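FYI, the numbering for the sequence shown is 147 to 249, going by the working numbering. Where a beta carbon is used, it is the ideal one built from N, C-alpha and C, also for glycine. As the structure is a prediction and not an experimental result, all values here were calculated from the model. Structure record follows, encoded as structure tokens.
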Amino acid sequence: MKTIKVLGTGCPSCITTEELIKKVANEQNIAVNIIKVDDIQDIMAYDVMSTPAVVIDEKVIVKGRVPHIDEVKDFLNSTKESCCEENDNSCCTPSDENKESCC
Numbered sequence: 147m148k149t150i151k152v153l154g155t156g157c158p159s160c161i162t163t164e165e166l167i168k169k170v171a172n173e174q175n176i177a178v179n180i181i182k183v184d185d186i187q188d189i190m191a192y193d194v195m196s197t198p199a200v201v202i203d204e205k206v207i208v209k210g211r212v213p214h215i216d217e218v219k220d221f222l223n224s225t226k227e228s229c230c231e232e233n234d235n236s237c238c239t240p241s242d243e244n245k246e247s248c249c
């Protein structure tokens, strides 16, 4: 499960961003952990001066605006974990016994 941070102090755009991510994740059946970051110091630590902002894997991918629904779909689909990460299978790192990947 990926962690997505929504940076914002609670303005309507920040709320809309969080709700949009939840909606798309539910529609696409993608498990995500959404963390709302509303402390100004924490937000500024990401070098964000305008909210809302979206952070995935500690990388700011959107800042200063509500992302478009297609953007949300793209970044949620790009954050899907591979079968190796989901199942923690050792077959994804080929060994002498298993030269092929399970994926």
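The way I'd put it, the segment 177–191 doesn't touch the segment 209–220; fewer than three beta-carbon pairs between them come closer than 8 Å.
In this structure, DSSP gives Val201 an extended state, which the three-state scheme calls strand. Bounds of any beta strand (DSSP E) do not take in Val218; it lies within the alpha helix (DSSP H) bounded by Ile215 to Ser224. Taking the Cβ atoms as the reference, Val170 lies roughly 12 Å from Val200, outside the contact range of under 8 Å. Following the DSSP letters along the chain, one finds Ile186 in no beta strand (DSSP E) but inside the alpha helix (DSSP H) bounded by residues Ile186 to Met190. Residue environment: Pro158 is assigned as exposed (fewer than 16 neighbouring CB atoms within 10 Å of its CB, all protein chains considered). For Ile167, the secondary structure class from DSSP, reduced to helix, strand or coil, is helix.
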